[in-house]
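Residue numbers (the numbering used here): -12 to 86.
Every residue gets a Cβ at the ideal spot worked out from N, C-alpha and C, and that includes glycine.
Fair warning: this is a prediction, and the values are worked out from it, not measured in the lab.
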């Protein structure tokens, strides 16, 4: 994960990727660490309030792409970004258009 953190920080520009307003402080694994990987597509940079909200309501977080079930590929599941709308994440640290 150490290699992915700077990539994710650069992608987020230190802004929460969920609300788009607050300063991002937490790295969140979309797919649980034990089922996923530490690649940038599996990580999102969140503020503490959004990180807590994601874990408080996993079904809503899954619908918004912030939780990915173990049989799903984070590269294929878009997130509902606070400023950009629905976007996919890749392992190069870029946002892509969601279908």
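When DSSP states are grouped into helix, strand and coil, residue 18 belongs to the coil group. In this structure, residue 26 sits near residue 78, with a CB-CB distance shorter than 8 Å. Taking C-beta atoms under 8 Å as the contact rule, residue 29 and residue 61 qualify, at a distance of about 4 Å. Between the alpha carbons of residue 85 and residue 70 lies a distance of about 14 Å. Counting only the Cα atoms, residue -2 lies some 22 Å from residue 50. Residue 55 places its beta carbon less than 8 Å from that of residue 18.
Bounds of the beta strand (DSSP E) holding residue 67 are 66 to 68. Here the alpha carbons of residue 1 and residue 43 stand approximately 23 Å from one another.
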